[in-house]
Amino acid sequence: MNEKRTLVYPYDVEFTPILRHPEMLPDYNIVALVSPQSWGFNGRDASGADGGDKLGINVSNDFEGLLPCCDTVMFSESDHKLDFEGNILPKVVIAAEQGKDLVFLSDLEDENIEALEEICLKYKVKLKFFSNMGDRFFNMDSDYYKLQKINTPVVFVTGVHEKTHKFEIQLSLRAAFINAGYRVSQVGTRNYCEMLGFHSFPQIMYNSCWSERTKILAFNHYIKDMENNEKPDIIIIGIPGGVMRLSENFAGRFGITAFEISQAVSADAVVLSTFYEEYLPEYFNNLFTSMKYKLDFDITCFNLANVKFDWDVARETGSESYLLMDSSFIDKKKAGYKTLNTPVFNVLNKEDGTNIANCLIDTLSYYGEVDLV
Amino acid sequence: MKESGPFIHLFRTPGGYYIYDVNKNVIIKTDRQIWENLKYVQAGLYELKDGIGLPDKLLEDGFLSSKRIREIIHPADEILVYYLNRKIKMVTLQVTQQCNLRCDYCVYSGGYKNRGHSKKRMDFELAKKAIDFYIEHSSDSKTITIGFYGGEPLIEFELIKKCISYVENMSEGKETLFNITTNGTLLTEDIVQFLEQHKVVLRISLDGPKEIHDKSRRFAFNNCGTFDKVINNIDMIKEKYPEYYKKIAFSTVLDQENDISCINQFFTDCDTVKELNLFASSIVDYYSKNEIAQTEDYNSKLGYEHFKVLLSKVTSFDEKQLSKLVATDYTSLEKSYKHLKPSQGLPDKSHHGGPCIPGMQRLFVNAEGALFPCERVSESSEVMKIGEINTGFDLSKIRKLLNVGALSEEKCKNCWAFRFCTLCCASADTGNGLSSELKTRNCVRVRNNIESDLKDICTLKENNFDFGARKWMVTI
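Residue numbers (the numbering used here), protein chains in the order written: chain A, 187 to 559; chain Y, 294 to 769.
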């Protein structure tokens, strides 16, 4: 056992998927979760952050009080944003003073990295970053001129927008496929997926210095190289952002990344996660058709996230706003979509985590059985 | 109007004939002949299929549908518990019920059925509980917003200081906003310094020039007017805290018996106040023991000021000449315009516009720890008491207030103003329960206001004013 007893700060819904899949984090044993008191999680089970099943670990607001129980402090990304100098740095100093090693999952400016290195040097503690690692094996080469065929089955994990539990789906699928004995290669939507044993989405795909054509070809070659080097049975690609704009005012990146990835690699199976609304069944059918013609893939199954986009607050404040519901509420709602051709799951329901994987495997197996020449 | 006929509302301006399509939620510009024919359709004398001049394509596309809502139920009904557990937007603390003034129209001063002044004050333990309750029930909100309300809240300035300090100590990770509404008589240099330091948004009640302000706003101890005291305090702020001064806003209650021109001139000319923002509102008639009289002079003068607002949008009329009393008129019109959002049609289940989610939008905690939907409803009405700080929300009561449209279900289902309605539970509260009759007494006024907004929107558009690029109107 070489697990480091780890305190996570600041804890919120961004970290919950990792907490639900501790097997992905062999080097760290999460022993404490701390978030600012104003976030409203204090004293509550960590599942209060994502509305899923109980996790058996409570969130505290007592950072200093919990430091003695850990060896390492992991500074996580969070949905609620904290100021580096005002909120993070003081905690870094307190932790370093007490000899705790530091791990950073959030993106940092160069000057902030320098400040951290200085503090760690002063207190002789270790500093590790898991951010911005996705570009390491990515070769943006303008000489690529055609797409290469990917022979391994590819699964896309997509969402209509951010905050639809895509990362939870990615980790659930990874766990299920590995448990079923498959070799999995994976590109995840977060910047620190290397900590979890797979690749982070290459940030260079957002770089405006390269043409979209070059990016598409380069991503295709990146996946081809991955296939050649890792020889997987299956490739899972988590697509960052959404597949479409939500509205004129909440457009995200207009689904551009989804479009580029779908042009670079053909998907054999796709999970699309949507927000919760009181949808008519036609909504899912229309999404299926829309994706078929816009992104050239058939949706294998839907995930209905326990997240509602709060249009009233979003319109009023001009910024995106969400309301979280209990996962059990979604379980009741998804029952209304049983007759659809494309199944609807709730990834926060443990059984559905496996059901999604089985649904994808069934689809991929069917393709395997049909030998088209 | 025939219930089975097209669900539309016909109106006209001097420049055109219009159809508001309730299902599509758009305004259709038409010609006089079609418009007149539609009146016959509404009267049941023609059928749409009788060839009244409407393009077939329009009807094929679902315009002029006769569909009505089947059931009045608020869209938030099923997920109410999540809104209340995770998304309270703001809390207003009634730090005291005491006031050093006795204003004629104040809800506490006896003219209203909802409350009266008392010596009840909130203690710090209760205030902390209320703040903790709010924090625990707002994990999906991005800001912490706390208002201080009375009586006159500055009577409890020491409590306010403690509350602000308590919140600031726990506010890491969220933006924090404080606001206070005061009669302005108790403001001192020390108080203002504190308010500025903690970025408390200050709103002062000021009704106009001395003769008007003092008519209603008088000290309790000697019945003298408060105008001089308030103006002196504002002058003090202007001199000693000039940056904070610029952020002060006034809350002005317009009594229809007063001369609007006089009030207007005061806020335009008086050096102490002319640079500051103003939020004017008419005297509230919900819960009033006496009906609030409408005077022609008041309506005509305010109407003229409103006209100038519209004029400034389509001509070179100088916006500096607009009255502050109608400063929010255009914003309100723009809001109505934004509400004209093309729709596929009415759903089977919905609720008319108006009700916020009680307790989520602006939770009011009174001095005794009882919870109310906002500070405007009656504290003495049992139906409005939606919980206690010690026991939490009473969901069944909140659900009843949220679905206040169910009181007048059949009328609402057939009301063309369904989507734009502004009536909430306060409009139906008799003090002893919710009344359909009381609520529907407001319907004509609300529909007139909505029609007036729609006409203003069309009039501006006729004069080439550009609200934005959205398709809000179809021309046939």
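In this text, a Cβ means the ideal position worked out from N, Cα and C, and glycines have one as well.
Query raised in the report: For Met260 of chain A, which of helix, strand or coil comes out of DSSP?
Result: It is a strand residue.
Query raised in the report: Cα separation between Arg738 of chain Y and Ser720 of chain Y?
Result: If you draw a straight line from the Cα of Arg738 of chain Y to the Cα of Ser720 of chain Y, it comes to about 12 Å.
Requested in this report: Determine the extent of the alpha helix (DSSP H) in which His302 of chain Y is found, giving its start and end residues.
Outcome: Not the alpha helix (DSSP H): His302 of chain Y falls in the beta strand (DSSP E), residues 301-306.
Requested in this report: May I ask you to list the residues that DSSP assigns as paired with Ala455 of chain A?
Outcome: Answer by DSSP bridge pairing, in chain order: A:Val341.
Query raised in the report: When DSSP builds the beta bridges, which residues end up paired with Ile420 of chain A?
Result: Looking at the DSSP assignment, Ile420 of chain A forms a beta bridge with A:Val370.
**Report entry** Delimiting residues of the beta strand (DSSP E) encompassing Phe488 of chain A
**Finding:** It spans 487-490 - the beta strand (DSSP E) in which Phe488 of chain A sits, taken as one unbroken run.
Query - Amino acids of chain A, ordered along the chain, whose beta-carbon sits closer than 9 Å to that of Tyr623 of chain Y - result: The contact set of Tyr623 of chain Y on chain A, defined by CB atoms closer than 9 Å, is empty, because the minimum CB distance reaches about 18 Å.
Query raised in the report: Using 8 Å as the Cβ pair cut-off and three pairs as the minimum, do the stretch 356-371 of chain A and the stretch 410-425 of chain A touch?
Result: A contact between stretches requires three or more CB pairs, one per stretch, nearer than 8 Å, and the stretch 356-371 of chain A meets this requirement with the stretch 410-425 of chain A.
Query raised in the report: According to a CB-to-CB cut-off of less than 8 Å, which residues of the stretch 413-433 of chain Y neighbour chain A?
Result: Contact residues of the stretch 413-433 of chain Y toward chain A are Ile428, Glu429, His430, Ser431, Ser432, Asp433 (C-beta to C-beta distance below 8 Å).
Query raised in the report: Cα separation between Asp433 of chain Y and Ile679 of chain Y?
Result: It is roughly 21 Å from the alpha-carbon of Asp433 of chain Y to the alpha-carbon of Ile679 of chain Y.
Query raised in the report: If we count the other Cβ atoms within 10 Å of its Cβ and call it buried at 16 or more, is Leu307 of chain A buried or exposed?
Result: Burial call: exposed.
Query - CB contact below 9 Å: His351 of chain A versus chain Y - result: Closer than 9 Å: no.
Query - Neighbourhood of Gly646 of chain Y by C-beta, 7 Å cutoff - its chain only, sequence neighbours within 5 removed - result: The residues Arg712, Phe713, Cys714, Thr715, in chain order, have a CB closer than 7 Å to that of Gly646 of chain Y in the same chain once the five nearest residues on each side in sequence are set aside.
Query raised in the report: How about Tyr630 of chain Y: is its C-beta nearer than 9 Å to some C-beta of chain A?
Result: Under the Cβ criterion of 9 Å, Tyr630 of chain Y is not counted among the residues facing chain A.
Report task. Leaving aside the five residues before and after Thr733 of chain Y along the sequence, list all residues of the same chain whose C-beta is less than 7 Å from its C-beta, in chain order. Result -> Around Thr733 of chain Y: Ser701, Lys704.
Report task. Alpha carbon to alpha carbon, how far is Pro368 of chain Y from His644 of chain Y? Give it in angstroms, no decimals. Result -> Distance between the alpha carbons of His644 of chain Y and Pro368 of chain Y: 7 Å.
Query raised in the report: From Phe531 of chain A to Lys520 of chain A, what does the alpha carbon distance come to, in whole angstroms?
Result: Near 7 Å, if we compare the C-alpha coordinates of Lys520 of chain A and Phe531 of chain A.
Query raised in the report: Leaving out the 5 sequence neighbours to the left and right, which residues in its chain are closer than 6 Å to Tyr537 of chain Y when beta-carbon positions are compared?
Result: For Tyr537 of chain Y, where only same-chain residues beyond five positions count, the Cβ hits under 6 Å are Glu489.
Query raised in the report: Ser745 of chain Y CB to nearest chain A CB: under 9 Å?
Result: Judged by the 9 Å Cβ criterion, Ser745 of chain Y is not in contact with chain A.
Report task. Tell me whether Ser264 of chain A is buried or exposed, calling it buried when 16 or more other Cβ atoms sit within 10 Å of its Cβ. Result -> By the C-beta density criterion, Ser264 of chain A is buried, having at least 16 other C-beta atoms within 10 angstroms.
Query - Contact residues within the stretch 207-232 of chain A, judged by C-beta distance below 7 Å to chain Y - result: Flagged, chain order: Pro222, Gln223, Ser224, Trp225, Gly226, Phe227.
Query raised in the report: Checking contacts by CB at 9 Å: is Thr469 of chain Y closer than that to chain A?
Result: Under the Cβ criterion of 9 Å, Thr469 of chain Y is counted among the residues facing chain A.
Report task. Please compile the residues from chain Y whose C-beta is within a distance smaller than 9 Å of the C-beta of Leu294 of chain A. Result -> What Leu294 of chain A touches in chain Y: nothing, since even the nearest Cβ is about 18 Å away.
Query raised in the report: What number of angstroms, rounded off, separates the C-alpha of Asp175 of chain A from the C-alpha of Ser505 of chain A?
Result: There is no way to answer for residue 175 of chain A, as the model of chain A reaches only from 187 to 559.
**Report entry** Min CB distance Tyr469 of chain A to chain Y below 9 Å
**Finding:** It does not; no Cβ of chain Y falls within 9 Å.
Query raised in the report: What runs of the beta strand (DSSP E), each 3 residues or longer, lie entirely inside the stretch 537-603 of chain Y?
Result: Listed in chain order, they are 542-547, 570-575.
Report task. Kindly identify the DSSP beta-bridge partner or partners of Ile473 of chain Y. Result -> Ile473 of chain Y pairs with Y:Phe441, Y:Leu495.
Requested in this report: Helix, strand or coil for Thr715 of chain Y, going by three-state DSSP, please let me know.
Outcome: DSSP places Thr715 of chain Y in coil when its eight states are reduced to three.
Query - Buried or exposed (CB count within 10 angstroms, at least 16 for buried), Cys395 of chain A - result: By the neighbour-count rule (16 or more Cβ atoms within 10 Å), Cys395 of chain A is not buried but exposed.
**Report entry** Met653 of chain Y to Asp327 of chain A span [Cα, whole Å]
**Finding:** Take the alpha-carbon of Met653 of chain Y and the one of Asp327 of chain A: they are about 53 Å apart.
Query - Proximal residues to Gln284 of chain A (C-beta, below 7 Å), its chain only, five neighbours per side dropped - result: Same-chain partners within the cutoff: Leu253.
Query raised in the report: In chain order, which alpha helix (DSSP H) runs of at least 4 residues are fully inside the stretch 667-754 of chain Y?
Result: Runs of the alpha helix (DSSP H) spanning 4 or more residues and lying entirely within the stretch 667-754 of chain Y occur at 688-695, 702-706, 729-733, in chain order.
Query raised in the report: Ala282 of chain A: buried (16+ other C-beta within 10 angstroms of its C-beta) or exposed?
Result: The C-beta of Ala282 of chain A has 16 or more other C-beta atoms within 10 Å across all chains shown, which makes the residue buried.
Requested in this report: For the stretch 334-344 of chain A and the stretch 447-460 of chain A, state whether three or more C-beta atom pairs, one from each stretch, are separated by less than 8 Å.
Outcome: In this structure the stretch 334-344 of chain A touches the stretch 447-460 of chain A; the number of beta carbon pairs closer than 8 Å is three or more.
Requested in this report: To the nearest angstrom, report how far apart Val697 of chain Y and Ser673 of chain Y are at their CA atoms.
Outcome: Going from the Cα of Val697 of chain Y to the Cα of Ser673 of chain Y covers about 19 Å.
Query raised in the report: Closest to Asn244 of chain A by CA distance: which of A:Met260, A:Ser221, A:Val259, A:His266 is it?
Result: It is A:Ser221 whose Cα lies nearest to the Cα of Asn244 of chain A.
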